[in-house]
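First the structure, in the form of structure tokens, and then the observations on it.
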Amino acid sequence: MTVKDILLERLTKSQAVAVVSPKRRLLVAAGAGSGKTEVMARRIAWWIGVEEVPKQDIVAFTFTDRAAEEMKFRIRHWLERITPAGEELALGGMFVGTIHGFCLTKTREYWPDDYHNYDILDEGARAALILRGFHGLLGLKGLRDAMRLGQYATLESFTQAYDQLHEHNRFQIELPSGEPPYRLGAEEREWCKKAKLLTDVGDSPEARAFAVAAARYYAYLRCRRFLDFSTSQSEFVRRLCADRDRQTRLADQKLHLVVDEVQDINPVQRELIDMLVGDFGTLTAVGDHRQSIYGFRGAKVEIIGEFWREFKAASDAEVVDLEENFRSTPRIIDLANRWSGTIGAVRLMATTPMKHGNKTRADHHESHVALVTFHDRQAEAAWIAEAIRILVPVEAEGALHDKKDGSQRGLTLSDVAVMVRSSTDVRTYMQALETAGIPCVVRAGPDLFSQPEVLLFLAALAISGGCEEFVGSPINPKSLPNRIQAVLGCAPRAETVLREAATVLRRCGLAFDRIVEERLLFAARSIRGRLEGKRTAARISAFQTPRLREFLSSTNELRRVFPQQIYHMLLSEAEVDAWDTCEGRGQAAMFHMGALSGLITSIETPGWTSVEDYLWQIIGLYQFGAEEGRTEEQPLMVQPDAVSITTIHAAKGLEFAAVFLADVNARRFPSSYARRTPQLPLSGEIVRAIDVAGLADNPEHDGERRLLYVALTRAERFLFISHSGRQTSKFVRELRDLMSEAGGLVTGDPEKLLEELKYAPKEHQRDVRIVTSFSDLRYYLECPHDFYMRKVLGFSPTIDQAFGYGRGVHNLMRAVHSDPTRWARLAPDRAALEREIRSLIERGLFYLRYTTGEPAGNMRSKGVSIVADYVQRYTAELASMTFEPEKEFESLIEYEDGGGGALVSGAIDIVRQDDPPRVTLIDFKSGDPDSDMHMKLDERQMQLQVGLYAVAVKKELEYRPEQGLVRYLDADDPAKSELGVPLDEKALEDAKRTVAETAKRIRDRRFASGPTSAPRSLKNKIRCAECDFGGFCGMKHARDQRALRERG
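Just add 2 to wherever you are in the sequence shown, counting from 1, and you've got this note's numbering.
In structure tokens form, the structure reads like this:
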């Protein structure tokens, strides 16, 4: 077969047209289940294999990281199919990922002197940063007074207005002259206060207050070396607009761009797309206006309508409709088409009904697609659990379903999803499944702060910070007091919450006796006393945790606290290690507490927490967490066979054999909140320019209709829409006729459903693919349960003041190797050399978020010294060779049993160009302070790390690595400053085998074992003594280590 034949095999006519289209601009109007990811992957492979487009000239934007991972695997599959045997296949310099990920990557790449040290600030960390400066630096108290809102409502209004300015590229600012200061404290505050917003946001009191806060917030981000999601996109666009040379180079590159989910892009993303494509690039836009569900965030469904109109009329463009739905049965497709007819048109864009594409996927019985009524939600949830047991009644068999190749199999629990409009509605259904003994995993939920174990530790943290009572809006169901009332039935006083949560946990069967409850409460009070300068030495011996005893007994003045460290001490005192090895409810509790650990990391991310700030950080934690706290899906934690409980938004892009769309009740679906226009602190022309009214749904509820359409089209064979209560949703009233017309059942008697089922043996998925990094894999190699705690459950290590030192040194080394001959010329003059290194520090390349004053100065001085030593030691090499610093890679390593593979990513410190393609790989060890001990690798791990890098360089970058070097930057003995790593074929094969075996064990969920490596420090007998989670790990080794320390 030719390359063309391979890439077009088994495609429909319209799919083939989309793959081979010669048009410069293409819109693929892709209906649900139409195979759009496959079409995009094959079109990219067509560009490479047929049109010979260089891989580095291809960019593919996906909506989520998960979609990017799937796209990468698909592209690799087709490149493998068309690449001759013996030739290496790789994605090369192709970018596949989210738009904000691309913007951050390219901002760092194009303007490294300004942005190399910048990170993305996630939503939790952003809330913490804003709340940290709410009353002081940012001046948000003025905005709160002007809007007459509470603190968190003010934060929400502020961030939404700020984001909309960026997402419409209407944010213009004037910063003070000079580099953003890198020292924390007064210098930073004064610089930020001089920032001025140039965008006219109106003259109302709210708008004037917003202008002050917005300018200072942006300046604050720059000082702290952060960009948030919205800023990262507009920042790249603004810098690109001002850089004519870079624009010219992009135009000469003639990029080939694919944009998925184009129905959910915003105006600044449209502007970015136009800039990247220009007059000579190639654009493939893929989307479906019926599935536009992010209008409340600023996405404009009208953009896909504009593409459709423009491409229909242009000679260099075309529109291809993918009409066939290969996912669903005819009855589900018919119902979805009928519902689609209730959605308003978008800019005169034609809506092509879906056609049944999978002829082997026929309906078995009318009772398998239904609209069903219940008296109340508890009855509805109980029936859903019962129905799932009917569909999957035994371990070996499930209801009959067809595979993509036309053969048959039985359903597994992982084929089933329970979907709801809002995550606040998840808990009832989760409890019903748990009661029925049905394993489940919750995507984008459940609400973290509705879990009793989370409320327990949140109360303990509140007590430790001096917060005696939780406050929140009485009319907001998400506010923490309302959650506490719903879950625990008590007043929102912190001590009361702790005791009631403890009672609920005992009732759930978790080990948490009253002695432990009292000790946890006493620990929280004692920590509060220590923060207030009070001594509690008389009863310190009552605590089990050595670190807590040390913290409480210390007489040193406290200048800063580390919230994650306090959380870990509380976990240890609560003896949650007993839950760690407990299946079911214990495992779920640990998962939720791991998610809380991640949120605590977010509040620490912006910088160090002073004693005075700690209370406000805890208040910010519970305010943000109550509104936004979600547990992310953790597929490695759950058993392979588990039901998904999910919001519709979280289910976008997924498919399930059986879908239970629950809780379609009045005011819930369509949501009564969706029609509310947000109250933003803006006035005048800008309100119209950024279309504030468009953030709310229209009077016809088209946004909510699209959301329901997405839910319907997730189903392959079984679809049950259920509702309860006295009032009936507008959507249910409309669905009754549509369901009947499509041939489904409308009933109030669930006994009439699921008739004429046949069963077949189950088949579990074996092609499980893992996306990971060497950093992640080495945790497993050291201790499988450490990996489980860290990467599966989500517990974060504690942060201390040395955090960031190693990165600072690496940043300086990157700068040196980016211009090596210049630094070689500086080497003979030590004073001049050190001055130049210090100038890099002045530009912020050695930024320490958690350290200030003399300790920070000492760390930076040490960094200057070891980098200067390096330049003088390797002057000849720097003068004569070229280097690629921080070379990123992704490499696919397949399991030896053929059941999938691991996509491993990383960054090589230095690729030294010896005689290309001959290269040497260099990895630096920066001589981190002892407090950064957990980042250190032993010699065996270093060899594996460099070996893995060599595999990637050879396979993905098409170099020929001949040697590896590990350089110890702070070695006292020059003879010990370098470790050679062999990179012969055997070494590379050994590295691949180790990675493949490790990834396979992770795939198979083999986490129940302790450390497999020796301790890093000779003073310790076992690795557990150095573990970040040793205080609450349930493995026997960790329990023994704790007992040893108690005796010691």
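Positions of the beta carbon are idealized from the N, C-alpha and C atoms, including for glycine.
Can you round the beta-carbon distance between residue i and residue j to whole angstroms, since I take them to be within the 8 Å contact cut?
{"i": "L533", "j": "L560", "result": "7 Å"}
{"i": "Q619", "j": "E575", "result": "About 21 Å; that fails the 8 Å criterion."}
{"i": "T877", "j": "A833", "result": "T877 to A833, Cβ: 16 Å. No contact."}
{"i": "V422", "j": "V444", "result": "At roughly 11 Å, the Cβ-Cβ gap does not stay under 8 Å, so V422 and V444 are not in contact."}
{"i": "V770", "j": "L415", "result": "Wrong, their Cβ atoms sit about 16 Å apart, outside the cutoff."}
{"i": "F662", "j": "V394", "result": "With 8 Å as the limit, F662 and V394 do not qualify as a contact, their Cβ atoms being about 13 Å apart."}
{"i": "F212", "j": "F160", "result": "7 Å"}
{"i": "D417", "j": "A659", "result": "4 Å"}
Quick check on the burial criterion: 16 or more other C-beta atoms within 10 angstroms. Buried or exposed for residue i?
{"i": "F282", "result": "exposed"}
{"i": "A47", "result": "buried"}
{"i": "R670", "result": "buried"}
{"i": "L413", "result": "buried"}
{"i": "L682", "result": "buried"}
{"i": "M815", "result": "buried"}
{"i": "Q410", "result": "exposed"}
{"i": "R134", "result": "buried"}
{"i": "V640", "result": "Residue placement at V640 is poorly supported in this model, since its pLDDT is 44, which falls under 50; the coordinates still yield a value, given next. So V640 counts as buried."}
Can you tell me where the beta strand (DSSP E) with residue i in it begins and where it stops?
{"i": "S646", "result": "645-649"}
{"i": "F376", "result": "371-376"}
{"i": "E399", "result": "399-404"}
{"i": "E890", "result": "884-896"}
{"i": "T233", "result": "Counting along the chain, T233 falls outside any beta strand (DSSP E), though it belongs to the alpha helix (DSSP H) covering 231-243."}
{"i": "K927", "result": "920-927"}
{"i": "R224", "result": "No beta strand (DSSP E) contains R224, which is instead part of the alpha helix (DSSP H) from 207-225."}
So the alpha helix (DSSP H) residue i belongs to, where does it begin and stop?
{"i": "H258", "result": "Counting along the chain, H258 falls outside any alpha helix (DSSP H), though it belongs to the beta strand (DSSP E) covering 258-261."}
{"i": "Y711", "result": "704-714"}
{"i": "R942", "result": "941-958"}
{"i": "D417", "result": "It is not in any alpha helix (DSSP H) - D417 carries neither H nor E in the DSSP assignment."}
{"i": "D778", "result": "776-784"}
{"i": "T853", "result": "Run containing T853: none; DSSP gives neither H nor E here."}
{"i": "H168", "result": "153-169"}
{"i": "L967", "result": "No alpha helix (DSSP H) contains L967, which is instead part of the beta strand (DSSP E) from 962-970."}
{"i": "P822", "result": "822-828"}
Measuring straight from C-alpha to C-alpha, what distance separates residue i and residue j?
{"i": "R521", "j": "H79", "result": "56 Å"}
{"i": "D788", "j": "P548", "result": "20 Å"}
{"i": "L373", "j": "A1040", "result": "52 Å"}
{"i": "V321", "j": "V666", "result": "35 Å"}
{"i": "C1035", "j": "S777", "result": "21 Å"}
{"i": "I440", "j": "S481", "result": "30 Å"}
{"i": "S841", "j": "L139", "result": "27 Å"}
{"i": "Q487", "j": "R495", "result": "11 Å"}
{"i": "Q162", "j": "E169", "result": "10 Å"}
{"i": "L457", "j": "F231", "result": "29 Å"}
{"i": "E192", "j": "D831", "result": "36 Å"}
{"i": "T1104", "j": "Y616", "result": "Residue numbering for the chain in the displayed model covers 3 to 1050; residue 1104 lies beyond these limits and cannot be assessed."}
{"i": "Q235", "j": "D254", "result": "22 Å"}
{"i": "D44", "j": "T284", "result": "Looking at the sequence provided, one finds Arg at residue 44 rather than Asp. The alpha-carbon atoms of R44 and T284 are separated by roughly 16 Å."}
{"i": "G600", "j": "V52", "result": "46 Å"}
{"i": "D365", "j": "I334", "result": "9 Å"}
{"i": "T100", "j": "A347", "result": "28 Å"}
{"i": "D205", "j": "L684", "result": "8 Å"}
{"i": "D925", "j": "E502", "result": "52 Å"}
{"i": "V913", "j": "L81", "result": "26 Å"}
{"i": "Y849", "j": "V98", "result": "29 Å"}
{"i": "V5", "j": "P86", "result": "10 Å"}
Discussion item. Would you call the region 62-79 in contact with the region 260-274, where contact means no fewer than 3 C-beta pairs closer than 8 Å?
Written reply: These segments touch.
Worksheet item: Hey, is the region 30-37 in contact with the region 316-335, meaning 3+ C-beta pairs nearer than 8 Å?
Response: Enough Cβ pairs lie closer than 8 Å, so yes.
Item to complete: Check whether the region 942-961 touches the region 889-896, counting contact only when three or more Cβ pairs, one atom from each stretch, lie closer than 8 Å.
Response: Output reads yes: the region 889-896 touches the region 942-961.
Fill in: the region 386-393 contacting the region 731-741, beta-carbon criterion three pairs below 8 Å
When C-beta atoms of the region 386-393 are compared with those of the region 731-741, fewer than three pairs fall below 8 Å, so the two segments do not count as touching.
Worksheet item: On the three-pair Cβ rule with 8 Å, is the region 241-248 touching the region 98-113?
Response: Under the three-pair Cβ rule at 8 Å, the region 241-248 counts as touching the region 98-113.
Worksheet entry | Meets three-Cβ-pair contact criterion under 8 Å: the region 822-839 and the region 621-632 | The region 822-839 is not in contact with the region 621-632.
Discussion item. Does the contact criterion of 3 or more C-beta pairs under 8 Å hold for the region 13-30 versus the region 285-302?
Written reply: Counting Cβ pairs under 8 Å, three or more are found: they touch.
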